[in-house]
Amino acid sequence: MIEFSNVTKYYEDDIVLKDVTLAIDKGELAFITGPSGAGKSTLLKLIYCDERPDKGRIVVAGWDIDKLKQSTIPYLRRNVGIVFQDFRLLVNRTVFENVALALRIHYMNTAAIKEDVNAVLKEVKLIHKANTYPQHLSGGEQQRVVIARAMVSKPTVLLADEPTGNLDIDNSQIIMGLFREINARGTTVLIATHNHGLFHGTGRRVFFLNEHTIEKEAIG
Amino acid sequence: MKVFIYSFQSVFRSLWREKWINLLTILSVSIGLSLLTAFIMLTLNMESVIQRWAKNFGLVVYLNENISSDEEAALKNRFSQDSDIIETKYISKDLALKELSTTLGANTLILEGLNENPLPSSYELTLKSSLLAPEFVRKKALQIEQMKGVEEVLYGEKWLSSLYTISKTMKVGAVFIGCAIFIAITFITYSTIKIFFYRRKDEIETLKLLGATRVFIRLPFLLEGLTIGLLGGIISSLVIYSIYSFTSLKVIEFLPSVRLFMASLPFEVYVIVPIAGAAVSVIGSYIAVGRIRY
């Protein structure tokens, strides 16, 4: 589902990723870990084309990133749900409207949007906060809104960048539970985290990123 | 179709959310278009005055005292064959004297001392109104003056020259003002749309990452520009129509003869103004969103 072959990425003269090769299978839930600045976020950005590789080849859900035109990128992104580290929730929109944004870009009709958004809000247990603005939610609730927004369009791949970075243990477990549920439905999930507690004992593959490259691959 | 429905919904939300800045922009556009329309109306009225005067414009060709009847006939023949001349009128010496005495009215006494008729016979030539450029008329007069049996050719050279200059200046002015106003409207909508774009930067960034296409993001801004221009144009048309209707009634009340040469704006102009406003505003919006990277 996600393939990196000898991918190298520079930010100006600084190398961020060097000869990274990895493959995530369809329906897999995997982790990328490493210290801050190791290139975890950049690796995710390469998957959803927010950054382009300087060398190497990336294939995501059958899309060869290298051959992708700028005008085609949105169609790739519709197959990739993203849980951002900084949430990226719009403060002037309610929880419902924030989640609905992901469907509006498909020009879905209002009734279908309402049905799908309410269903996903029930799944993340936030239906009672549908009309609340994000700034009135706790960190854990905001993260669940972001997950709801990422999953509402039923993507084939879900990427999460430090999804529990600002959360306590209880909320982290709730969030991880949601990822497992999403994965159980067949969505490929890739989580970038520096928190080893998230993958310990999960039995999932973990890629260790260090010194800009994949240092080792292990089972969590 | 869905893209337009969504975009228009977005436009109406934005028009309401940013009502004050939108109102200001619409008013600015309508003021610009009103100024332009008013100037066009002024130019049309000036043109109407000139055209009315041109209908009566003529060259007076005075004939030699000793011109033979054959020469007179030859001249008449040449004038009637000239495609630039639409009317030829012969004024005999006797008719000229008669007209003069009619003009003098009670003062005909001054003519009584004359032993013979001093007035020459003449031809009054009416030129096509489309050929009244001073240079053309001057050349025509010179050409006729060279003809055998012609003593002198007279016409209102200074009048013609002044009116022609005024008319030409107003036309050039209308084009110049039109260009200036269109550039100003383009810049006004450009600035407004750019402000809206930057105000919604976070939302746009998020939409991009969720998979929104360029059309999805940009079309609402273009349609918002179009709506601003269209509303500005409609207001301008309504204002100009109201002002014209009111002032023309008042002017005609005091100077009824003004009605003869007062030109109203063709109905098409009231339709074209909003369309032009919309088109120019779309150009401004297109430049604004085109310069922003996505």
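Residue numbers (the working numbering), protein chains in the order written: chain A, 483 to 702; chain B, 381 to 674. Quick reminder that beta carbons are idealized off the backbone N, C-alpha and C, glycines included. Small disclaimer: the values here were computed from a predicted structure and weren't measured.
So, for residue i: in the same chain, excluding its five sequence neighbours on each side, which residues have a beta-carbon less than 7 Å away from its beta-carbon?
{"i": "Phe488(A)", "result": "First, the residue type needs correcting, since residue 488(A) is Asn and not Phe in the sequence shown. Contacts found: Asp501, Thr503, Lys537 and Gly538."}
{"i": "His682(A)", "result": "Gly702"}
{"i": "Gly647(A)", "result": "Gln567"}
{"i": "Val581(A)", "result": "Val599, Val602, Leu603, Val627, Ala630, Arg631 and Val634"}
{"i": "Ile664(A)", "result": "Met633, Leu640 and Val671"}
{"i": "Phe459(B)", "result": "Ile465, Thr468, Tyr503 and Leu505"}
Thinking C-beta only, is residue j closer than 8 Å to residue i?
{"i": "Thr321(B)", "j": "Ile608(B)", "result": "Any answer about residue 321(B) is impossible in this case: the structure gives chain B only from 381 up to 674."}
{"i": "Leu522(B)", "j": "Ile465(B)", "result": "no"}
{"i": "Ala642(A)", "j": "Ala674(A)", "result": "yes"}
{"i": "Val565(A)", "j": "Tyr530(A)", "result": "no"}
{"i": "Ser502(B)", "j": "Ile471(B)", "result": "yes"}
{"i": "Phe601(B)", "j": "Phe576(B)", "result": "yes"}
{"i": "Lys382(B)", "j": "Tyr589(A)", "result": "yes"}
{"i": "Asn424(A)", "j": "Thr554(A)", "result": "Residue 424(A) cannot be examined here, being either before or after the span of chain A that is shown, 483 to 702."}
{"i": "Ala668(B)", "j": "Lys574(B)", "result": "yes"}
{"i": "Gly516(A)", "j": "Leu691(A)", "result": "yes"}
{"i": "Val660(B)", "j": "Thr566(B)", "result": "yes"}
{"i": "Leu571(A)", "j": "Val606(A)", "result": "no"}
{"i": "Ser665(B)", "j": "Thr569(B)", "result": "yes"}
{"i": "Ile420(B)", "j": "Val649(B)", "result": "yes"}
{"i": "Thr625(A)", "j": "Ile651(A)", "result": "Looking at the sequence provided, one finds Gln at residue 625(A) rather than Thr. No, Cβ-Cβ distance for Gln625(A) and Ile651(A) is not below 8 Å."}
{"i": "Gly679(A)", "j": "Leu649(A)", "result": "no"}
{"i": "Leu676(B)", "j": "Ser387(B)", "result": "Any question about residue 676(B) goes unanswered here, given that chain B covers just 381 to 674."}
{"i": "Gly529(B)", "j": "Asn436(B)", "result": "no"}
{"i": "Val498(A)", "j": "His676(A)", "result": "no"}
{"i": "Ile514(A)", "j": "Met483(A)", "result": "no"}
{"i": "Leu618(B)", "j": "Met527(B)", "result": "no"}
{"i": "Val573(A)", "j": "Pro616(A)", "result": "yes"}
{"i": "Leu585(A)", "j": "Ile595(A)", "result": "yes"}
{"i": "Ile663(B)", "j": "Ala418(B)", "result": "no"}
{"i": "Pro500(B)", "j": "Tyr442(B)", "result": "yes"}
My understanding is that residue i touches residue j, with C-beta atoms under 8 Å, so please give their C-beta distance in whole angstroms.
{"i": "Val599(A)", "j": "Val634(A)", "result": "6 Å"}
{"i": "Ser547(B)", "j": "Ile430(B)", "result": "5 Å"}
{"i": "Ala512(A)", "j": "Arg687(A)", "result": "5 Å"}
{"i": "Leu528(A)", "j": "Lys491(A)", "result": "7 Å"}
{"i": "Glu579(A)", "j": "Val541(A)", "result": "Not quite, the Cβ-Cβ distance comes to about 34 Å (not below 8 Å), so this is no contact."}
For residue i, collect the residues of the same chain with a Cβ closer than 6 Å to its Cβ; drop the 5 residues on either side in sequence, then sort them by chain order.
{"i": "Gly657(B)", "result": "Val409, Leu413, Gly609, Gly612 and Gly613"}
{"i": "Pro637(A)", "result": "Asn561, Val562 and Gly563"}
{"i": "Leu404(B)", "result": "none"}
{"i": "Arg393(B)", "result": "none"}
{"i": "Leu395(B)", "result": "Asn402"}
{"i": "Ala700(A)", "result": "Val688"}
Within its chain, find whatever has a CB closer than 8 Å to the CB of residue i; leave out the 5 residues flanking it on each side and keep chain order.
{"i": "Leu415(B)", "result": "Ile557 and Ile561"}
{"i": "Pro556(A)", "result": "Ile587"}
{"i": "Asp546(A)", "result": "Arg539 and Ile540"}
{"i": "Leu407(B)", "result": "Gly612 and Ile615"}
{"i": "Val517(B)", "result": "Leu439, Leu507, Leu511, Tyr535, Glu537 and Leu540"}
{"i": "Tyr624(B)", "result": "Met421, Ser644 and Leu645"}
{"i": "Ile696(A)", "result": "Val502, Thr503, Leu504, Phe689 and Phe690"}
{"i": "Arg559(A)", "result": "Tyr530 and Cys531"}
{"i": "Gly553(B)", "result": "Phe419 and Thr423"}
Can residue i be considered in contact with the ligand NAD, in the sense that its beta carbon sits closer than 7 Å to one or more heavy atoms?
{"i": "Ala543(A)", "result": "The ligand NAD is absent from the structure shown, which contains no ligands of any kind."}
Between the region 519 to 549 of chain A and chain B, which residues of the former have CB atoms less than 8 Å from a CB of the latter, in chain order? Tyr530 and Asp532
Where the region 579 to 601 of chain B meets chain A: residues whose CB sits under 8 Å from a CB there: Asp582, Glu583, Glu585, Thr586, Leu587, Lys588, Leu589, Leu590, Gly591, Ala592, Thr593, Arg594 and Phe596
Using 8 Å as the Cβ pair cut-off and three pairs as the minimum, do the region 506 to 517 of chain B and the region 471 to 478 of chain B touch? no
Determine contact between the region 657 to 668 of chain A and the region 552 to 563 of chain B, defined as no fewer than three beta-carbon pairs at a distance below 8 Å. A contact is defined here as three or more CB-CB pairs under 8 Å, and the region 657 to 668 of chain A fails this definition with respect to the region 552 to 563 of chain B.
Could you list the residues in the region 532 to 559 of chain B with a C-beta less than 7 Å from some C-beta on chain A, going in chain order? From the region 532 to 559 of chain B, no residue has a Cβ closer than 7 Å to chain A.
Compile a chain-ordered list of the residues in the region 414 to 436 of chain B whose CB is closer than 8 Å to at least one CB of chain A. none
Mind the definition here: the region 532 to 550 of chain B touches the region 628 to 635 of chain B only if three or more C-beta pairs lie below 8 Å; say whether that holds. As far as the Cβ criterion goes, the region 532 to 550 of chain B does not touch the region 628 to 635 of chain B, which means the pair count is below three.
Across the region 636 to 651 of chain A and the region 518 to 527 of chain A, are there enough close Cβ pairs to call them in contact, namely three or more that are closer than 8 Å? Flag = yes, the region 636 to 651 of chain A and the region 518 to 527 of chain A touch.
So if I threshold CB-CB distances at 9 Å, which residues from the region 591 to 606 of chain A count as touching chain B? If the cut-off is 9 Å between Cβ atoms, the region 591 to 606 of chain A has Asn591 near chain B.
Given 8 Å, three or more beta-carbon pairs between the region 644 to 654 of chain B and the region 581 to 594 of chain B: no
For the region 495 to 512 of chain B, list every residue whose C-beta sits within 9 Å of some C-beta in chain A, in sequence order. Residues of the region 495 to 512 of chain B with a C-beta less than 9 Å from any C-beta of chain A: none at all.
Taking any Cβ of chain B, which residues in the region 608 to 642 of chain A have a Cβ under 7 Å from it, in chain order? none
Residues of the region 384 to 396 of chain B whose Cβ lies closer than 7 Å to any Cβ of chain A, in chain order: Tyr386
If contact means a Cβ-Cβ distance below 8 Å, which residues of the region 492 to 517 of chain A contact chain B? Look at the region 492 to 517 of chain A: it has no residue with a C-beta under 8 Å from a C-beta of chain B.
Anything in the region 558 to 574 of chain B with a Cβ closer than 8 Å to a Cβ of chain A? List those residues in chain order, please. none
Of the residues that make up the region 606 to 631 of chain B, which ones have a beta carbon closer than 8 Å to any beta carbon in chain A? none
Check distances from the C-beta atoms of the region 561 to 584 of chain A to those of chain B and list, in chain order, the residues that come in under 7 Å. Ile564, Arg570, Leu572, Leu583 and Ala584
Using a Cβ-Cβ cutoff of 9 Å, what residues of the region 664 to 689 of chain A are near chain B? List them in chain order. If the cut-off is 9 Å between Cβ atoms, the region 664 to 689 of chain A has nothing near chain B.
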